[in-house]
Every structure is written in structure tokens, then in C-alpha cells.
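These protein sequence lines are chains X and H, in that order.
Note that the first sequence ends on residue 659 in the numbering used here; no numbers are left out.
Note that the second sequence ends on residue 659 in the numbering used here; no numbers are left out.
A virtual CB, placed ideally from N, CA and C, is assigned to each residue, including glycine.
Given the structure is predicted, the values throughout are model-derived calculations rather than measurements.
Below you'll find the structure, written out as C-alpha cells, and then a few comments.
Number of protein chains: 2
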Amino acid sequence: MTEYKVTFLPHNKEVKVADGETLIRAAMAAGVHINASCGGEGACGKCRVLTESGELSGGISKRLRDDDVKKGYRLACQATVTSDVTIRVPVESEVDAGVLNKISTPRQTARITTPNFDELKEQGLFIPPLEKIYLELPPPNPQDHLPDVTRLVSHLTMANNEHRLGVDLAVIRKIPDVLRENDFKVTATLARPVRKVGKTRIVNVEPGDTSGCNLAIAVDIGTTTVFGQLIDLVTGEVLAEHGEFNGQISYGEDVITRIVYAEKPGGLDKLHDQVIATINKIIGRITRRAGVEPGCISSITLSGNTTMTQLFLKVNPRYIRRAPYVPAATLYPPVKASELGLDLEEHVSALVYPAVSSYVGGDIVAGVMGCGMYRDEALTLFMDIGTNAEIVIGNKDWMACAACSAGPAFEGGGIEFGMRAAKGAIEDISIDPVTFEPMLLTIGNKRPKGICGSGLIIMIGEMFEIGLINNLGKFDRDNDNPRVRKSNGVWEYVLAWADQTQIDRDISLNEIDIENFIRAKGAIYSGCMTLLEEVGMGIQDLDRIILAGGFGSYVDLEKAMTIGLLPEIEPDRVTFIGNGSLSGARMSALTNRIRRDVVKLTRNMTSFELSETPSYMDNYIAALFLPHTDMNLFPSVKARFEKRKAAGRLTKPSSGE
Amino acid sequence: MTEYKVTFLPHNKEVKVADGETLIRAAMAAGVHINASCGGEGACGKCRVLTESGELSGGISKRLRDDDVKKGYRLACQATVTSDVTIRVPVESEVDAGVLNKISTPRQTARITTPNFDELKEQGLFIPPLEKIYLELPPPNPQDHLPDVTRLVSHLTMANNEHRLGVDLAVIRKIPDVLRENDFKVTATLARPVRKVGKTRIVNVEPGDTSGCNLAIAVDIGTTTVFGQLIDLVTGEVLAEHGEFNGQISYGEDVITRIVYAEKPGGLDKLHDQVIATINKIIGRITRRAGVEPGCISSITLSGNTTMTQLFLKVNPRYIRRAPYVPAATLYPPVKASELGLDLEEHVSALVYPAVSSYVGGDIVAGVMGCGMYRDEALTLFMDIGTNAEIVIGNKDWMACAACSAGPAFEGGGIEFGMRAAKGAIEDISIDPVTFEPMLLTIGNKRPKGICGSGLIIMIGEMFEIGLINNLGKFDRDNDNPRVRKSNGVWEYVLAWADQTQIDRDISLNEIDIENFIRAKGAIYSGCMTLLEEVGMGIQDLDRIILAGGFGSYVDLEKAMTIGLLPEIEPDRVTFIGNGSLSGARMSALTNRIRRDVVKLTRNMTSFELSETPSYMDNYIAALFLPHTDMNLFPSVKARFEKRKAAGRLTKPSSGE
């Protein structure tokens with residue numbers, strides 16, 4: 003990936019960005035504010051910048067005067083970086099950033115990725131679950147009339163030192179013709195036992211040498227989105243990847259409505275069929291994209307939350323939503339993929355990640371396996387934030403987990419202009435602390451339609467940092483900025499005026515939205531605190547935080563700590579794992595070590611029911627402030643605010659502190 | 003079973019028969035000849051006997067004069083024994099039996115039956131494959147919200163000391179509702195591992211206490227007939243039994259024609275469907291008869307020859323009939339019964355007996371397991387005679403086997419009036435050595451239609467004993483008895499005149515029939531001799547012979563030795579196992595010990611290919627005489643013949659001796 007250096011003047015801030023990145027995103031990454039309210043679509047023309055050296059591509063617009071274009075002015079949202087450049091932000095677009103004393107960590111911190119084969123081998127983790135072996139068998143004759151399967155097994159024993167072999171019926175059914183199709187030269191697919199005492203099963207035979215083509219599919223079954231990867235079991239490479247909306251969405255947006263639907267006559271079958279159809283679509287897409295035969299696929303590994311897992315396996319999730327919230331099972335046996343309706347060959351087994359409880363599912367377990375925290379000394383806090391926030395604390399010696407219901411705020415629920423992360427959703431914002439003019443970025447660079455969860459965190463963090471709201475989430479009533487107003491009796495901040503949106507209405511964030519959001523972040527924070535307390539620890543004991551999930555990948559770490567969503571620790575001790583569920587599924591496709599360890603892990607993981615833990619409510623109430631009633635838990639935030647207080651810029655704190 | 007004593011005068015021969023047996027069968031069992039040529043239908047009126055004491059039921063006929071009835075005369079074929087009786091055979095019906103010096107062993111010798119539970123336990127053989135355990139689980143509450151399966155598994159671990167438990171997906175699917183249907187009181191079905199290191203699988207859960215109802219089905223898949231038994235796994239009892247013709251019969255009478263049909267497009271599917279339909283019919287019949295729910299059936303175990311097994315499992319048997327006669331496999335994994343199309347619940351596994359080779363199949367292995375010879379010190383010759391005769395020799399330390407193709411003579415093939423064992427088939431015969439008048443018994447006591455295999459053995463043995471044919475199977479050309487005649491250039495003996503048959507033709511046995519028969523018996527005898535030679539042994543080393551199969555059960559031991567079909571050993575060292583395949587299937591339904599031992603057994607059994615053994619042809623040629631070229635192998639027969647020779651009654655021996 004080619005990267006270029008972008009230098010912003012007069013701030014003299016530098017950032018490295020990938021070839022083709024837009025200039026406005028480079029500015030956002032560098033912490034440089036440029037006024038922009040159309041989300042990056044080029045409609046407002048406010049983000050005029052001057053190229054001082056280097057070349058930009060595009061960015062010429064009718065919104066720029068011809069002589070300005072000649073001088074080197076471009077629209078930052080339309081111009082892309084194609085060389086090292088120096089950019090001057092004109093006065094009208096410039097931000098008074100000095101006063102903010104921002105934490106200078108860039109948004110993208112270190113990511114953990116799945117180890118490759120060499121790393122797996124080095125760490126002693128590589129035990130291939132499926133191997134293909136090419137064999138040249140002696141054909142039978144009157145003196146050697148071993149049965150076909152016995153011939154294969156004997157050869158594997160003698161020539162390949164294989165022992166304790168079992169054979170599937172499907173192999174018995176096809177072996178007579180397969181052996182004779184290519185003069186007894188065949189490739190056998192061997193499925194290795196997870197436990198050492200188990201048998202190696204011969205699950206497939208193919209004529210000729212197909213040992214080079216041994217593939218697996220890994221799938222993350224999300225409530226909203228299903229992601230699949232095609233993995234080469236010979237090289238460990240990901241050959242293709244694709245995501246689709248979970249077809250169940252038309253029967254309910256969240257887990258609870260899906261469960262309700264599954265309880266209706268025929269509902270379970272329908273939801274099962276939908277997710278199977280979604281996965282089949284993904285399998286079709288990624289095999290076509292990689293140009294491989296679906297017949298080369300030897301296994302499929304999957305992970306999802308407990309409800310998604312039960313629906314995938316056609317297990318009624320009815321009791322998951324009824325107290326005391328009991329799932330049918332947490333450990334699932336391997337199942338024939340074709341029996342579930344997947345478009346895979348008869349010999350392919352589907353292996354699903356075990357869950358811990360109704361609300362700590364296989365997706366979380368997969369994340370824990372994928373990031374490797376279960377093998378590390380380091381005490382890790384693992385978090386996956388969505389409607390529910392699942393929290394895991396532990397290391398290689400012990401592990402505890404809990405789920406807390408944050409409500410739908412992070413998915414846009416309970417927020418007037420809230421929306422899912424989709425095109426037109428405001429995902430990033432910077433607000434001028436003096437003028438309160440915003441710099442908005444939307445997903446897909448479209449005119450704004452609403453605010454997504456990650457945008458909301460940044461927005462509230464930003465508003466709190468610049469003193470637009472106080473620690474209770476209330477606006478300064480004395481403010482005379484036109485963007486801060488009372489509408490229908492509720493105070494709000496206008497992010498985008500109607501004429502710059504897709505919805506022809508002012509997009510704003512009001513105090514009710516903020517209150518709902520604070521409840522959500524409070525629930526998550528108090529979940530972390532309560533779980534830490536239950537295991538006799540505090541934030542100071544944490545060696546690191548791992549953030550998983552699509553949401554986790556987009557969250558602005560600084561802002562998340564500023565508002566008290568995440569415990570404050572040094573930013574370089576926070577890592578993003580991205581789709582942890584998918585990387586866990588990939589790991590279990592690659593090595594039996596993971597398949598073995600995960601069973602042990604789920605057995606040893608202590609699950610806490612927060613609603614049954616008395617301290618949870620106290621922790622929750624203490625967390626209903628920005629960032630928290632106890633500012634000592636957030637020393638950096640405290641330091642910044644004290645500095646600003648000294649500068650006289652802080653909104654009057656509320657009685658919380 | 004009530005038995006009565008029947009005494010025949012003037013012979014003063016006694017026999018014990020079951021209540022309700024016909025008098026003529028009692029006479030046959032006692033070795034008393036009564037003229038009778040209508041097969042026992044009451045049509046010829048020749049079998050007039052006088053009741054001297056005791057009571058008979060029935061036997062009064064228009065063929066008897068009224069005053070004779072008053073005197074106590076009855077037709078032996080129509081009268082049944084209902085008390086101890088003394089019967090006088092009148093002169094006209096009497097046989098000159100004295101000269102024959104028959105071996106006095108009754109036809110029915112000791113039978114080996116499957117051990118019952120107590121015996122299995124005493125012998126350390128009882129390891130139940132499937133157990134049902136009733137459990138009262140504590141219902142979940144806010145402090146105890148274990149997942150359903152975990153709740154079940156924990157309880158089994160704590161309260162029942164069960165370990166290493168696996169759970170099938172079907173159980174996960176049903177457990178939430180089953181637990182809540184009867185207040186968490188459930189019965190779990192546990193499938194025990196065959197190998198000690200294996201897992202116990204929970205294969206079913208049912209509401210309430212159903213532990214008393216734990217059934218299995220055992221099936222013998224014969225080429226002609228399929229037999230099924232319903233077995234109570236709690237008591238070990240056989241609750242019901244039923245046989246049906248194998249539905250595949252319409253696609254070919256024997257194994258070879260079935261294989262040919264299976265090679266046609268759709269042929270394999272059709273044959274598979276047919277045998278499945280036959281087994282389903284049997285399951286329906288035996289469950290209805292026993293008045294049990296098919297849902298109580300926990301397992302099905304099956305055995306059949308290699309072709310029947312492959313057709314049952316839908317494995318193409320194409321290469322079984324092509325040199326070098328290679329089956330697809332000999333060991334088969336357990337398969338879901340419902341997947342094969344059997345009308346059994348989803349959790350029921352079908353376990354099929356392993357084969358040794360294309361021609362020594364699972365039916366033979368099942369017989370060896372069922373009779374227990376593999377656990378005994380005694381050196382045993384195990385034989386199952388049909389179109390092929392399968393022979394096993396060995397004891398607990400070693401085992402060798404072979405199959406020899408006898409041709410279809412024993413099933414009536416190549417015999418002019420030959421037929422399968424069915425109603426109207428002559429199954430037993432006695433011939434007056436002076437008058438050559440026959441005493442015929444037919445299956446179902448119908449007028450004769452033809453001769454079945456077991457009848458043929460007796461017939462040829464009888465004809466040879468009384469000197470009607472010589473040791474080459476040729477008639478005495480000087481005979482002037484009307485029943486011995488030349489027809490269309492071939493010598494024959496008339497068994498029944500046209501007016502006493504169902505077919506309105508004289509039923510006879512001719513020299514071509516006898517020649518075909520001698521070839522068949524010669525093949526079997528030489529198979530035994532060759533196999534014994536291959537393992538460095540002789541007949542004198544045999545401790546016992548076990549005869550299996552429907553045919554084996556009906557064979558007349560004395561006659562079989564007289565003609566040289568079986569090696570001559572003391573009759574009390576010969577036992578009949580009946581349907582050994584079925585009893586083996588029953589054994590593997592009852593105990594895992596058998597399931598474990600059988601795998602070891604088939605691995606250790608040496609299979610000989612007789613056609614590849616040079617001495618086989620020499621042995622075969624030597625066996626093409628009655629009983630054999632070497633009369634020293636048949637000392638009793640030799641002794642009898644020398645006695646008769648001295649009495650001047652023997653037909654001139656042919657140049658064979």
C-alpha cells in the first residue's frame with residue numbers, strides 16, 4: 003500500500019495516508035479542523051484549501067472561482083492525495099485547535115491480526131484440521147483383492163504412517179468409482195481429531211492429485227451483517243471476503259424481535275432458511291471471486307451470538323429472552339453442512355463456536371480466541387459494543403465475562419436522527435470551539451442523513467470537550483450561537499442545516515438524545531467496573547483493552563475515554579481487533595489447537611449476571627456523568643479540563659462533580 | 003411348551019412332540035415310515051393309523067370308512083397330538099425299517115441360542131450400548147441459569163457419575179421444550195462408546211420417565227427373506243419377530259442379478275428403496291404386534307451378505323461381481339437410520355455388521371459372533387449353506403474363512419422339479435426300501451408342487467441308502483419298479499403321481515438333477531477340506547460343526563453326512579444355530595462387547611480365495627461321489643454299507659470306489 007505524507011499549514015501537522023485518500027479525511031486524521039457540513043459530498047464548498055506543494059487529484063468544483071483554482075485552491079472533500087503534499091488551510095476554514103490540547107493519538111491504533119501459518123507453527127498452535135494427501139495405490143489383482151477402503155487405509159498406514167483411521171459412509175459410497183477413474187491415483191481428505199485420543203476420519207476421496215486445492219470457509223453470523231472468508235488451508239491465505247446483510251433482517255432488526263418471530267409457527271424454519279440463504283450467497287460470491295470450485299471446500303467454521311447460532315442450527319431460541327435467560331446449549335457438535343442446507347459437498351462439516359451464555363455468545367468466544375488473549379499473561383479487558391456490550395476480563399489463567407444491555411443508542415436507536423452505519427450517516431465530526439461550526443464526514447461522502455453510533459461518540463465527546471455541553475450533557479443556556487437552540491422545548495445543537503442534508507430537515511442532536519446516550523455508555527462502563535470488582539480488580543490492573551466488532555473498529559478512542567464509555571488507560575495499550583468473531587472463525591478453520599482450546603476456555607470462563615450483582619446499579623448511577631462522577635478515574639480528561647478551567651473556557655460544571 | 007410322548011407300534015419307537023404336532027411329522031421325527039404321497043394334505047388316504055391309547059385331535063376323513071373311524075383309525079397327516087398316545091402303523095403303511103440301521107439321532111439336534119442378560123453378565127459380555135436414565139433436574143432460577151444441555155450434563159456428572167458426555171444436535175434442538183414439558187423431569191438416552199476412550203453420547207431426551215421402554219430392532223437382510231426382531235433392551239427379551247420377502251426380489255432372484263440391476267441408471271436407488279421398504283414393513287409389523295410405540299426404539303442393528311449390505315447402505319456393488327471381486331469396504335460406520343429412509347426417529351443409529359470379503363459377508367460374521375465360537379477354545383467349523391456356502395474355521399485364537407459357489411441346487415436351481423422352500427415343496431421324504439413307496443411331507447401340508455433344497459438332501463440320501471441309486475448317483479438299470487423309469491432318455495424316480503400333485507404332472511427326480519446336486523455338495527465339501535488343509539488341519543481336528551442359515555436349520559444331518567455334503571463327525575458335535583445372522587444382529591443390539599469384538603474379529607480373520615488355491619480342484623473331483631472317493635472319511639456310512647453289502651442289498655458300486 004503506497005502512503006503519502008500530507009502536511010497541513012499553518013498547524014504544521016503531518017499525517018500519512020493511503021494513496022487516493024480524500025484530503026478532508028487526511029485532515030480529520032491529523033486533527034485539523036476544516037469547516038464542512040455536507041458530509042464530504044462537495045455540496046457546501048466550505049472546505050476550500052490551498053495546495054502549497056505536491057499534487058492533488060480532483061477537488062476542482064463550480065463552488066471554486068476559476069482564479070482560485072489556478073492559484074491551487076481545491077475542495078478538501080473532493081481532492082484525493084496522490085503524492086506528498088503540503089496544504090494550507092485558509093483562515094475561513096481554519097480551526098483554533100490550540101486551546102483543545104487534544105490527545106494526539108491517531109484514530110487508527112494497532113490492530114491484532116490472525117497469525118499466519120509460520121507464526122502458528124512457531125507458537126506451536128498449528129494442528130491442521132483437514133489435510134489432503136495424494137496417494138498412488140497399487141491396483142487390485144487376483145493375489146491382492148483388498149476391499150477398496152481397506153486398500154486406501156492400508157496404504158495410508160504403511161506409506162504415510164497414519165493410524166486409527168475411520169471412514170465416512172460418503173467415502174465408501176464413492177470410493178469404488180473414484181479409485182478406478184484415474185488408475186487408483188487419488189487424493190484423500192483427512193479430518194484430524196480435536197482430542198488426541200480421537201480418530202482421523204477419511205472424509206473424502208477424489209480422483210487424481212487435488213492436494214493443492216484445500217479450502218475452508220469462515221463465517222461471522224452477525225445479527226445485521228454476515229461476513230464470510232474463503233481460506234486456503236494450504237497457505238493460510240484469505241483468498242476472498244464478502245459481507246451481506248443477514249436475510250433475517252426482514253423478520254426483525256434485533257435479536258429479540260427475531261426470537262419472537264421464531265416462536266411463531268414456521269418462524270424458526272424461515273429464519274433458519276434466511277441465514278442459510280445468506281451464507282450460500284456469500285459462498286457463491288467468494289468462490290466465484292477467487293475462481294475456485296466449491297468442491298475444493300473441506301470445511302466451514304462459523305461464529306455468532308447465541309441467538310444467531312441457535313437460528314443457524316435450527317434450535318428454537320425461545321428461552322433466551324425469558325428469565326432466567328437460558329440457552330439450549332453452549333457447546334455444539336459438528337454438523338453436516340449439507341444437512342443444514344448449505345451449498346457445500348456432503349463431506350463438509352460445519353463447526354460452530356460455543357457460547358458461554360444467552361448473552362455472551364460464540365462471536366465473543368471467537369473474538370477471545372482470535373485475539374489470543376487466552377494464551378497471554380497480560381490481563382486484558384475485551385469489549386464488543388453493540389446493543390449489548392459483551393465484556394471479557396482475564397488472561398491465560400482465568401477468564402470472566404458478562405453482558406450488559408446498553409440499549410440501541412449505539413445503533414442509532416433512541417436518538418432522533420440516529421441511524422445505522424450506512425451511506426449518509428455522520429461518522430466523524432469536529433466542531434470549531436469558538437464558532438461551533440462543524441466539520442462533518444459521512445459514510446460514502448454523501449450529504450448527511452443522520453448520525454451513526456461511532457459518530458455519536460465523537461460528537462458528544464467533541465461537544466463536551468469544547469464546553470458546548472456540561473458533564474450532565476446539558477447545553478449552556480446562555481449561548482447565543484444559532485446552532486444551539488431550543489426546539490419544541492428541548493435544547494439542541496444543529497449539525498447540518500436542512501439545505502445541506504438529504505432529508506431536507508435540520509439534523510440536530512438534542513438533550514434527550516444525549517441523555518439516552520449517557521445511559522448507554524453508563525451501562526457499559528459500569529459493566530466493566532462491576533466485572534472488575536467481582537474479580538477483585540480495578541482499572542489500574544489492566545494491561546490492555548481489546549476492542550472488537552465493527553463498531554469497535556470505528557470508535558474514536560480519545561472521545562470514548564473523554565465521555566467515559568471506555569475506562570481511561572494509555573491509548574497505546576488499546577488495540578482494535580476488528581471483526582473478532584470472523585478472525586476467531588478463521589482461526590478454528592486453520593488449526594485444531596483452537597478447536598481444542600476453545601472447549602476448555604468456555605468451560606473455564608466464569609459468567610457473571612450483572613443484573614444479579616448488587617454493585618452494578620451503584621456503578622451505573624456513578625457513570626451517568628461525562629465522563630464519570632469520579633474524575634480521578636479519568637486523569638487525562640481531568641488534567642485537560644483543569645487546564646481549560648484555568649483558561650476560563652469551561653462550561654459551569656454541574657453538581658455531579 | 004407342552005410336549006407329549008408318541009409311541010409307534012410295532013416298531014416300539016417313541017418320540018416327544020409339541021402339543022398340536024401332526025402325527026405324520028411325529029412319525030417322520032421318530033424314523034417311522036408311513037406311506038403318504040400327497041404331502042400331508044389328506045388327499046391320498048394312505049397314511050391310515052390306529053390309535054391304541056390316548057387321544058388324537060382330528061384325522062377323521064371321508065377317505066376312512068366309518069367303522070374304521072369307530073375302531074380308532076385316523077389319517078396320520080390330519081390327526082394332531084394332544085395327549086400321550088400309542089399309535090399302531092398298519093401293515094399296509096408299515097415300513098421295513100430294520101434293514102436300514104439308521105443313525106438314530108433325531109433331526110433336531112442342540113441349538114445354540116443367544117445368551118440372555120444374566121449369561122451375558124456372567125460371561126462379562128454385557129456392556130449396554132444404549133441406556134435410558136430418568137432424571138429429575140432442578141429447574142433454573144435467577145441464581146442458577148445453566149444452559150439446558152449443561153444442566154442435563156452436570157446432573158448426569160454429579161448424580162450419575164457420568165463422564166465425557168457428548169450431545170447430538172437433535173437433542174439440543176428438542177431439549178428446551180422437553181425439559182419444560184414435564185417440570186424438568188426427563189429421560190435421557192445414552193449411547194455408550196464402543197471403544198473405552200470414546201465419548202458417551204446423549205442421543206435423546208424425552209419428557210417424564212420412559213426408562214422402562216428402551217427397544218432395539220435387529221435385522222437379517224437376506225437376499226430372499228428379511229427377518230426382523232424387536233428386542234427389549236431392559237430385559238433382553240425378543241418381543242416380536244417377523245419375516246418378509248426382500249422387496250428386491252422382483253429385480254432379480256440372486257445376488258448377481260441384483261448387482262447387474264444396480265448398475266443400471268437408477269437401479270441402485272431402486273434396490274436400496276426396496277430393502278428399506280421391506281424393513282419398514284417389518285418394523286411396522288413387529289411394533290404393532292408388540293403394542294409398542296416406534297418412538298421407543300433406540301437402535302437398529304443389521305447384518306447381511308456383502309451385496310445386501312452395500313445395497314442397504316446405497317453403495318454400488320458393481321465391483322463385487324468383477325474379478326478380483328473387490329467390495330467397497332468391509333467396515334461401515336454407524337449411519338442415521340432416518341437418513342437411510344428407515345421409519346425410525348432421528349436419533350436412531352443403524353449399525354451394520356462388517357464383512358470379510360465380497361463373498362464372506364456380515365451375515366457370516368454375525369453368525370460367528372452370535373454363536374460365540376470366536377470366544378471358545380473348541381475348534382469349530384461354521385457353515386452357512388445356500389447358493390454360496392460360507393465356511394469359517396477357527397476358535398478364540400485364530401480364524402480362517404472362505405466362500406465356495408455351490409450353484410443354485412440347494413435353492414432348487416438346476417433341478418427339474420426344484421423349488422424354493424415354500425408351500426407345497428417336498429421337505430421330507432422316507433422311501434420304503436422294498437416297495438420304493440414314498441412318505442412325503444410338504445411345507446404347509448399341501449399337495450406337492452416340487453422339491454426344496456433340504457428335501458433334496460434327504461431324498462438323495464434316502465435313495466442312496468436304500469440302494470435306489472449308486473455312489474455315482476445312477477439308478478439301477480435292472481429295476482422293474484414303476485416309480486423308476488426312463489423318461490425322454492433320462493432315468494428318474496417318480497416321487498408323486500400327477501393326480502396327487504398340485505401341478506398335474508408326475509413329480510420326479512432324474513439323474514441330471516442328481517448330477518447337478520452332487521456337483522453342489524462336492525463344491526461345499528471340497529471347500530471345507532481345502533480350507534482345513536490350508537490351515538494345516540483335518541476333519542479329525544474339529545471339535546464341532548455349527549450349521550447356520552435357514553437351510554442349515556432344516557438340513558437332515560444324517561443324510562447330509564451320508565451323501566458327503568458335510569464331513570462326518572459324531573452327530574452330537576453338530577449344532578444348529580438357525581438364523582445366525584439374525585442372532586448376531588441381536589447380540590450387537592444387546593451389548594457393546596460384541597460391537598468391539600467384531601471389529602477385532604474381522605481384522606484377524608484370514609480370508610482364502612478357494613479358486614486361487616490349487617488343491618481345491620483335486621478335492622472337488624474327489625467329492626463328486628456319494629459320499630466321497632475316500633470312504634474312510636465317512637466311517638459310519640462305510641460301516642452301514644458294508645453291513646448292507648453283506649446282506650446283499652447294495653446296488654453295484656461304480657468305479658469311483
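DSSP bridge partner residues for residue i (one or two, in chain order)
i: Met-160 of chain X; result: None; Met-160 of chain X has no bridge partner.
i: Glu-392 of chain H; result: H:Asp-386 and H:Ala-405
i: Tyr-6 of chain H; result: H:Val-19
i: Phe-247 of chain H; result: H:Thr-227
i: Leu-192 of chain H; result: H:Glu-133 and H:Ile-204
i: Ala-423 of chain H; result: DSSP lists no partner for Ala-423 of chain H.
i: Val-367 of chain H; result: Answer is none; Val-367 of chain H lacks a bridge partner.
Distance, residue j Cα to residue i Cα
i: Ile-233 of chain X; j: Gly-297 of chain X; result: 14 Å
i: Glu-5 of chain X; j: Asp-70 of chain X; result: 28 Å
i: Asp-222 of chain H; j: Gly-388 of chain H; result: 15 Å
i: Leu-474 of chain X; j: Leu-442 of chain X; result: 24 Å
i: Lys-201 of chain H; j: Met-30 of chain X; result: 57 Å
i: Arg-1 of chain X; j: Cys-40 of chain X; result: Residue 1 of chain X lies beyond the residue range present for chain X, which begins at 3 and ends at 659; the question has no answer from this structure.
i: Gly-463 of chain X; j: Lys-561 of chain X; result: 5 Å
i: Leu-11 of chain H; j: Gly-538 of chain H; result: 50 Å
i: Thr-191 of chain X; j: Leu-304 of chain H; result: 29 Å
i: Lys-647 of chain X; j: Val-436 of chain X; result: 16 Å
i: Leu-567 of chain H; j: Arg-323 of chain H; result: 26 Å
i: Asn-483 of chain H; j: Pro-440 of chain H; result: 13 Å
i: Ser-656 of chain H; j: Thr-532 of chain H; result: Note that Ser-656 of chain H scores a pLDDT of 49, beneath 50, so its modelled location is shaky and nothing firm can be said.
Member of the options whose CA lies at the smallest distance from the CA of residue i
i: Leu-603 of chain X; options: X:Ile-462, X:Gly-374, X:Glu-57 and X:Asp-21; result: X:Gly-374
i: Gly-551 of chain H; options: H:Asn-307, H:Cys-79 and H:Thr-191; result: H:Asn-307
i: Trp-400 of chain H; options: H:Ile-387, H:Val-180, H:Thr-382 and H:Ile-417; result: H:Thr-382
i: Lys-272 of chain X; options: X:Gly-249, X:Ala-242, X:Asp-386 and X:Lys-647; result: X:Gly-249
i: Arg-642 of chain H; options: H:Asp-480, H:Met-563 and H:Thr-593; result: H:Met-563
i: Lys-187 of chain X; options: X:Lys-198, X:Glu-243 and X:Ile-135; result: X:Ile-135
i: Ile-445 of chain X; options: X:Ser-407, X:Ile-571, X:Gly-42 and X:Arg-67; result: X:Gly-42
i: Leu-313 of chain X; options: X:Ser-301, X:Leu-58, X:Ile-281 and X:Ala-325; result: X:Ile-281
i: Ser-351 of chain X; options: X:Leu-217, X:Thr-84, X:Leu-181 and X:Asn-184; result: X:Leu-217
i: Arg-197 of chain X; options: H:Ile-177, H:Ala-357, H:Arg-166 and H:Cys-49; result: H:Arg-166
i: Gln-504 of chain X; options: X:Met-589, X:Gly-452 and X:Ser-510; result: X:Gly-452
i: Gly-245 of chain H; options: H:Arg-595, H:Gly-126, H:Ile-285 and H:Asp-185; result: H:Ile-285
i: Thr-189 of chain H; options: H:Met-160, H:Leu-154 and H:Gly-364; result: H:Leu-154
Chain X contact residues for residue i, given Cβ-Cβ distances below 8 Å
i: Arg-175 of chain H; result: Leu-315, Lys-316, Val-317, Asn-318 and Ala-330
i: Pro-142 of chain H; result: Pro-326 and Val-328
Contacts of residue i in chain H (Cβ-Cβ under 9 Å)
i: Asp-170 of chain X; result: Pro-335
Chain-ordered neighbours of residue i on chain X, where CB pairs are closer than 7 Å
i: Tyr-618 of chain H; result: Residues of chain X passing the Cβ test: none, with the nearest at roughly 14 Å.
i: Tyr-253 of chain H; result: What Tyr-253 of chain H touches in chain X: nothing, since even the nearest Cβ is about 20 Å away.
Proximal residues of chain H, C-beta to C-beta of residue i below 8 Å
i: Thr-615 of chain X; result: Chain H residues near Thr-615 of chain X: none, gap ~11 Å exceeds 8 Å.
i: Asp-150 of chain X; result: Tyr-321, Val-328, Pro-329, Ala-330 and Ala-331
beta-carbon residue i near the ligand HEM non-hydrogen atom, thresh 7 Å
i: Thr-564 of chain H; result: The model on display carries no ligand, and the ligand HEM is accordingly not part of it.
Please go through the region 498 to 548 of chain H and give each complete beta strand (DSSP E) segment of 3 or more residues, from N-terminal end onward. 509 to 512
Write down every uninterrupted run of the alpha helix (DSSP H) in the region 447 to 508 of chain H whose length is 4 residues or greater and which is fully enclosed by it, in chain order. 455 to 467
Ranges of the alpha helix (DSSP H) found wholly within the region 261 to 340 of chain H, counting only runs of at least 4: 269 to 292 and 308 to 314
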